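Position one of the sequence shown corresponds to residue 10 (our numbering), numbered consecutively onward. Below is one structure, written out as structure tokens, with a few remarks after it.
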Amino acid sequence: MPLNSNAPIGVFDSGVGGLSVLRAIRGQMPEESVLYFGDQGHIPYGPRPMAQIQDFSETITRFLLDRGAKIIVVACNTASAAALKYLRQTFPDVQFVGMEPAVKPAAERTETGVVGVLATPATFQGALYASVVERFANGVQLLQHTCPGLVQQIEKGDLDGPETRRILDEALNPMLEKNIDTVVLGCTHYPFVIPLIERIVGDKVRVIDPAPAVARQTKRLLEAGGLKSLNGARGEHSEIQFYTSGNAESLRSLLPKLLGEEGAVTTIKWEGDKTLKVGD
Ligand code: DGL
């Protein structure tokens with residue numbers, strides 16, 4: 010069946026992290042409708058086995074495609090690391106946009122030659138990260154940290170409390186001692202704590218959020234495929250439908266804070282690792 014340009018963009022993440030990507034998509038393409046799936050029943054993905062993340066990602070992709078998505082944005086570094094290649098093989102006719110830690114722009118611009126990368130364990134272990142480092146690090150020293158607990162703090166909406174601050178201090182202070190001048194945010198949750206990160210690292214350290222580049226790439230692919238929405242200006246026709254495998258009310262209450270707009274949230278339940286069911 011030919012794709013319809015007014016069909017929605019499908020976006021998913023393990024939780025609210027993908028909202029940082031959705032925010033950039035809304036900013037650049039307010040006319041596009043979006044289906045957003047947060048797999049909060051399974052969060053965090055970071056410590057999970059690759060094969061399980063592949064199962065979740067495949068099932069969520071199928072769910073979004075069944076609801077008419079014209080392109081899938083894997084707005085999660087962990088799912089991209091574990092499953093992007095697998096998704097492209099499993100759905101050869103579908104266009105995917107994935108995330109990878111922004112080592113390339115960091116390595117191009119660092120002056121001290123030392124760059125900090127914050128991401129989940131699965132992202133660091135995946136072949137995608139290894140290949141990004143091999144292709145782009147070019148002798149730049151990369152200091153890695155997994156920030157244990159930070160994703161959960163952000164899921165609670167705690168963007169600058171003492172525990173969130175402690176986790177980031179622990180990750181960033183040793184990096185500052187080693188003279189980093191750039192921090193790469195390799196997890197889509199982390200852009201929500203940029204103000205706190207900037208308070209810790211000061212104004213001489215650049216913080217790279219890849220979300221705007223991912224939104225630009227999504228736009229390019231839609232344009233190239235003749236799939237840009239013909240809807241009018243924001244608010245006229247475009248809409249976002251949110252789905253969560255966790256608690257709909259808690260996601261709904263976080264939307265204004267994280268995304269800057271309200272939205273309707275539907276609960277979806279897992280039956281095993283490969284089946285989704287609408288409703289409680
Ligand atoms: N937002 C996800 C990412 O970009 C990670 C969160 C998780 O561990 O589930 O990697």
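Think of the CB as a built atom: it goes at the ideal place given N, C-alpha and C, for glycine as much as any other residue. No experiment lies behind these values; they were computed from the predicted model shown.
In this structure, Val-192 and Leu-151 do not form a Cβ contact; the two beta carbons are roughly 11 Å apart against a cut-off of 8 Å. Setting aside the 5 residues that flank it on each side, Pro-200 is surrounded in the same chain by Ser-29, Leu-194, Asp-218, Ala-220, each with a C-beta closer than 7 Å to its C-beta; the list follows chain order. Taking the Cβ of Met-108 as the reference point, at least one heavy atom of the ligand DGL falls within a distance shorter than 8 Å.
Put simply, of Pro-17, Val-82, Glu-186 the residue whose alpha carbon is nearest the alpha carbon of Arg-76 is Pro-17. The three-state reading of DSSP puts Gln-104 in coil, since its state is none of H, G, I, E or B.
Closest in alpha carbon position to Ala-128, among Cys-85, Lys-286, His-51, Met-38, is Cys-85. Close CB contacts of Phe-65 within its chain, under the 7 Å cut and outside five residues either way in sequence, are with Asp-48, His-51, Asp-282 (chain order).
Under the criterion of beta carbons closer than 8 Å, Phe-105 and Val-83 qualify as touching, at roughly 6 Å. Taken through DSSP and simplified to helix, strand or coil, Tyr-138 comes out as helix.
In the displayed model, Gln-250 falls within a strand according to three-state DSSP. Not a single heavy atom of the ligand DGL lies less than 8 Å from the C-beta of Ile-18.
Gly-27 counts as buried, since at least 16 other C-beta atoms from the protein chains shown sit within 10 angstroms of its C-beta.
Looking only at Thr-276, Ala-180, Val-287, the smallest Cα-Cα distance to Gly-24 is reached by Thr-276. Separation of the CB atoms of Ala-90 and Gly-135 is rounded to 3 Å, and the pair is thereby assigned contact status at 8 Å. Counting only residues of its own chain and dropping the five nearest sequence neighbours on each side, Thr-99 has a CB closer than 7 Å to the CB of Glu-67.
The three-state secondary structure of Leu-12, taken from DSSP, is coil. Of the heavy atoms belonging to the ligand DGL, at least one sits nearer than 8 Å to the Cβ of Gly-55. Following the DSSP letters along the chain, one finds Ala-257 inside the alpha helix (DSSP H) bounded by residues 257 to 267. The distance from the Cβ of Val-112 to that of Phe-133 is about 12 Å, inconsistent with a contact at the 8 Å cut-off.
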